[in-house]
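J.: Numbering (my numbering), first residue to last: 1425 to 1575. Glycine residues also receive a C-beta, built at the ideal position from the N, C-alpha and C atoms. The model shown is predicted, which means the values in this text are computed figures rather than measured ones.
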Amino acid sequence: MATKHDRALASFLVGLDDVVEELSVVSDPQRSGELAEQLMAMGTQLKQAAPNAARGVPVAEAAKYLDVSEPTVRLWVRRGALASLPGSKPALIEHESLRRVGRAVRELRAKGEDREWLEGVVRYVEDMTDRSSPSVRQGLKELAEGKLQPA
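1. Measure the CB-CB distance between V1443 and M1466 and report whether it falls below 8 angstroms.
2. Tell me whether the stretch 1542-1558 and the stretch 1492-1507 touch, counting them as touching only if at least three CB pairs, one residue from each stretch, are closer than 8 angstroms.
3. So, for L1516: in the same chain, excluding its five sequence neighbours on each side, which residues have a beta-carbon less than 7 angstroms away from its beta-carbon?
4. Have a look at L1506, G1457, S1559 and D1554 and flag the residue whose alpha-carbon is nearest the alpha-carbon of A1528.
5. Going along the chain, which residues of its own chain have a beta-carbon closer than 8 angstroms to the beta-carbon of V1525, five neighbours each way excluded?
6. Determine the contact status of A1484 and T1496, defining contact as a CB-CB distance below 8 angstroms.
7. CA-CA distance, E1569 and T1553?
8. What first and last residue would you give for the alpha helix (DSSP H) that runs through D1554?
9. Can you give the beta carbon distance from L1470 to S1456, rounded, assuming they're within the 8 angstroms contact cut?
10. Straight-line CA distance for V1576 to E1461?
11. Take the Cβ of R1520 as the centre, count every other Cβ of all protein chains shown within 10 Å, and call the residue buried at 16 or more, exposed below.
12. Give the secondary structure of L1516 by DSSP, where H, G and I count as helix, E and B as strand, and everything else as coil.
13. Taking DSSP as the reference, what is the three-state secondary structure of V1443?
Written out as structure tokens, the structure reads:
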């Protein structure tokens, strides 16, 4: 017997297949926007149906998504390129962090498989993470205002 959770997920998957199929053939920008709104609503529906899945992604799944090894995902978490949910056991990777790094990795792979380029992107993501820190932003503001001198 299917649980309420199973039924909700089955319904979601059917609707998702319909929207994805229609989106793949539509050329009308207005209709594309409507379908994008439907996808967003479906994402909300899925998060409500599967609250644990909405929290984060296990390291193994993040590795599959990024097409890298699990140790690489853990390294990127330690280096700050990927964000894990605090206190999660086993570790869960935040959705937005995973998507941001995934976009960067896909772009890099499209440009070629240059390991130095990939390391550069990881450093860039780390830098952007550091720059989003309130203390770093405050320090940069004070530096721009002349209140601090560069080291």
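T.: Here's the rundown:
1. yes
2. yes
3. R1479, G1480, V1481, P1482, S1508 and L1509
4. L1506
5. L1490, W1500, A1505, L1506 and V1549
6. no
7. 22 angstroms
8. R1539 to R1555
9. Actually they are not in contact, since the Cβ atoms of L1470 and S1456 sit about 21 angstroms apart, beyond 8 angstroms.
10. Nothing in the structure corresponds to residue 1576, since the chain is present only between 1425 and 1575.
11. Note on identity: in this sequence residue 1520 is Glu, with Arg being the wrong assignment. It counts as exposed.
12. strand
13. helix
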